[in-house]
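Have a look at the structure below, then the notes.
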Amino acid sequence: MKVTDDGARRQAGESRELHIVVIEDEPTIAESLRVGLTDEGMQVSVACDGNSGWHIVKEQGADLVILDLMLPDIDGMVICRRLRTLSSTLPIIMLTARGEVQERVQGLQQGADDYIVKPFSFDELLARVHAVLRRAGLSQQPTVLRVAGLVLNIETRDVTFHGRPLELTPTEFALLELFMRYPRRVFTRETLLSRVWGFTYAGDSNIVEVHMSNLREKIGDHERKLIRTIYGVGYCLRPDATMVA
Ligand code: CA
Numbered sequence: 002m003k004v005t006d007d008g009a010r011r012q013a014g015e016s017r018e019l020h021i022v023v024i025e026d027e028p029t030i031a032e033s034l035r036v037g038l039t040d041e042g043m044q045v046s047v048a049c050d051g052n053s054g055w056h057i058v059k060e061q062g063a064d065l066v067i068l069d070l071m072l073p074d075i076d077g078m079v080i081c082r083r084l085r086t087l088s089s090t091l092p093i094i095m096l097t098a099r100g101e102v103q104e105r106v107q108g109l110q111q112g113a114d115d116y117i118v119k120p121f122s123f124d125e126l127l128a129r130v131h132a133v134l135r136r137a138g139l140s141q142q143p144t145v146l147r148v149a150g151l152v153l154n155i156e157t158r159d160v161t162f163h164g165r166p167l168e169l170t171p172t173e174f175a176l177l178e179l180f181m182r183y184p185r186r187v188f189t190r191e192t193l194l195s196r197v198w199g200f201t202y203a204g205d206s207n208i209v210e211v212h213m214s215n216l217r218e219k220i221g222d223h224e225r226k227l228i229r230t231i232y233g234v235g236y237c238l239r240p241d242a243t244m245v246a
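For the sequence shown, this note's numbering assigns the number 2 to the initial residue and increments by one for each residue that follows.
Written as structure tokens, this is what we have:
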């Protein structure tokens, strides 16, 4: 069977892109997931209804399925059960709207490996994706990131700068993790908002400046050497910055 064959090859250490199938009928969410996961080096297939999603998994195989509960043609739970008949080990993350959760939590737990409640940020979803892939033995993501004296452990949530522990809020942690995963890459405010605060965040965009300022303060980056501001564009982490703790 294709699904399990692919999983076995990955566990044998053969290098190839992970294939993620997104079954989601809301175009903005589907597109954000496609762009974000492709950026992570994954191969992404998007289906906007249950039937086409099912056929993609059946014909092409998948390493992980992100499945919306409310689909235009077939209920997500039915798709989930069908996918389970195809492979009992295929990781499945269910997307649900608030209110659908309480009554269906049991069903979700029976069929899916995890579920995430809308609205969610891309980083929240990505953390779940990596956690589920790790459990399945498929993750390629390192658990400890090291850049320019900063050490960030994704699992224990510990962060140090030249050995000095940093007490970061979850938002500051998410921001720093993003910068450390992509040193030198410039992130716009809009990208940071959608990745850290959520796709549908509509508040004051000043919130990015406030959290960036707090993060720099905790690191001791008063001269903004480590995390640069690229005026009119956004922010980027400079791994070559010379800074002492
Ligand atoms: Ca839906």
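The beta carbon of each residue, even a glycine, is placed where N, CA and C say it ideally should be.
- For Asp40, the enclosing alpha helix (DSSP H) stretches over residues Pro28 to Asp40.
- Of the residues assessed, Gly164 falls on the exposed side of the cut-off, its CB having fewer than 16 other CB atoms within 10 angstroms.
- Exclusion of Asp74 from the 6 Å shell around ligand 1 follows from its C-beta lying no nearer than that to any non-hydrogen atom of the ligand.
- The three-state secondary structure of Thr161, taken from DSSP, is strand.
- Arg147 sits in a strand when the DSSP states are folded into three classes.
- Here Ile231 is exposed, its C-beta having fewer than 16 other C-beta atoms within 10 Å.
- Between Val47 and Val23, the C-beta gap is smaller than 7 Å, which places the two residues in contact.
- Here DSSP, grouped into helix, strand and coil, assigns Gly235 to strand.
- About 16 Å separates the CB atoms of His223 and Glu173; that is not less than 8 Å, and the two are not in contact.
- Looking at the DSSP output, Leu65 shares a beta bridge with Ile21.
- Relative to the Cα of Gly138, the nearest Cα in the group Thr161, Leu179, Phe180 and Leu91 belongs to Leu91.
- When secondary structure is reduced to three states using DSSP, Ile75 falls in the coil class, being assigned neither helix nor strand.
- Val45 and Lys59 have their C-alpha atoms roughly 15 Å apart.
- In terms of Cβ geometry, Leu176 and Val197 form a close pair [threshold 7 Å].
- Here the alpha carbon of Arg225 sits roughly 10 Å from the alpha carbon of Ala242.
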